[in-house]
Every structure is written in C-alpha cells, then in structure tokens.
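Okay, so here's the structure we're looking at.
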Amino acid sequence: MQVADIWDEKSSNFIITQDAVRIFARDVQKPTRYYVDEQILEDLVPKFIKQDSSFKDIYTIVTLINSFYSTRMGPDDCFARANLLFENHNRIWAAIHNLDVATVQNIIDLQRQGDRPVSFSFTTKYFSILSRYVAKQDIYPIYDSKVAKLLNYYFYKQNHAYTKSRVSGCNTPTVKDYITYYNIISEIMASCKVSYKELDNYLWQLGTNLDNNINGAWTKPGTDIHAVLQRLYEG
C-alpha cells in the first residue's frame, strides 16, 4: 500500500472510498489478538444470546465485549449494564433482527437515567456484535471517539456542514446521538459501497494509529499527517 491510496496530499485529507478501504484492509493487518477476539465472539455470542437468554448469559457477553474492546467499564458498571440489557432483551432481540436505530438510542437514553456512567460506545458495540453474530447481519456501525475525531477532520477539510452541526455534536459526551452517527456512517458507506464492518475497521485503525503515534494531537494545525502516514505504512 502507498500513502497515496488513503491520503490526498493536495487537499490534505483522508481518502474514504471503496478502493482505499479495501486496499488498507488487504495490506494493513491488525494485531493477532483482535482476530482471536473476533473468533471467540463469533463462537460464543450465538451460544449465549438467544431469545430466552438469562441474566448470566447477557452478563457473560457484556464482560467479554468490555474486555476485548477496551470500553473501560469497571465490574460494577458491567453488572449494571447487563441488568439494563437483560430488562430490555426482548426489544434488543427484535432490533438485532430488524433494523431499529431508535431502540439503540433509547437504550443509551435509559442509561442516562441511572446512577452509573453512560457507555455510549459499548452500547453500539453490543448491538453491532449481536446483529453480526446472532442475526448474521451487518446493520449497526460501531461508535468510537477516534472515528468521530477522524470524521471531524475529514469533513472540516471538505468544509462540510457535518463538521459542527453533526459529527461534533455526537462526539460530545452530554449529547451523544447514535441516530445522527448512524446516518453519517450510512451515507459514507452507501457512497463507498462497503459494509459497516469494513468502514468501521478502516476509520478506527487510522484514527487509533494516528492517536498512538502523535500523542492524540494529530488534528493540531501544522501537523504533517502525510509524513506520519508514510512512517506508519511505508516503513
């Protein structure tokens, strides 16, 4: 892969196209752990998540997802989150089989009514993973702050209305809005003709690698992103 496959130096912006997404996936491997984690979830999620799942079944999967995806929920938060998901399991079961973004948002809103911290990202991962491995559908994109950060940069460089009115809004902890995020990702996905999982992996890996190599300040004016991408992906 060449940096020119994913970065347009003239506009100083990322390239988000089908070719860019698939070339990146072909040539840039995630650490082995991530592939093993996915295999474990693919094997265990359908065994534990059924229409009549018990609280313990759901708690087991909540704990696994939290560990594998580093969503940073403590044991008490995992327990509280599993309780909420168990109480709403019938609605969630329906939503993983038939797209219902409003249900995802409602579960997030219900968290705000409790006394535990809201885990916006975890909830989107839960719906996405269940839909992929139980219902065999890729219908829910995963929210990640690093992806939202990358999209803010991308739309800013395009002078796009999303920058302030939509992406920034859903990246603010007090007003995070999954319906907005879903619509943004869906529009990009439709234009690129890739799956949510493909797009998730592309944006997340790019955002994470930039954060890890520029101490989280890669959007700072004057940062030579092109040079960093060259170092990361062209050796």
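For the sequence shown, counting from 1, position 9 maps to -3 in our numbering; every step adds exactly one.
Think of the CB as a built atom: it goes at the ideal place given N, C-alpha and C, for glycine as much as any other residue.
Using a 10 Å radius around the Cβ and a threshold of 16 neighbouring Cβ atoms, would you call Asn189 buried or exposed? buried
Would you say Tyr170 lies against chain D (beta-carbon separation less than 9 Å)? Going by chain labels, chain D is absent from the structure shown, which holds only one protein chain.
Where does Trp192 sit, in a helix, a strand or coil, going by DSSP? helix
Rounded straight-line distance, which links the Cα of Phe110 to that of Leu98: 14 Å
Taking C-beta to C-beta, are Ile37 and Leu72 nearer than 9 Å? no
Examine the Cβ distances between the region 170 to 180 and the region 211 to 218 and report whether three or more of them are shorter than 8 Å. no
With distance defined between alpha-carbon atoms, name the residue in Asn171, Lys185, Glu(-3), Thr20 nearest to Lys224. The question about residue 224 has no answer here: the residues shown for the chain are numbered -11 through 223.
Are Ser42 and Phe74 closer than 9 Å when you measure CB to CB? yes
Rounded to whole angstroms, what is the Cα-Cα separation between Asp202 and Tyr221? Reading the sequence as shown, one finds Ile at residue 202 and not Asp. Going by the C-alpha atoms only, they are around 15 Å apart.
Just the C-alpha distance for Val50 and Asp25, rounded to the nearest angstrom, thanks. 14 Å
Just checking my contact of Tyr131 with Phe108 at CB under 8 Å: how many whole Å lie between their CB atoms? 6 Å
Which residues DSSP lists as bridging Trp(-5), in chain order: Phe2
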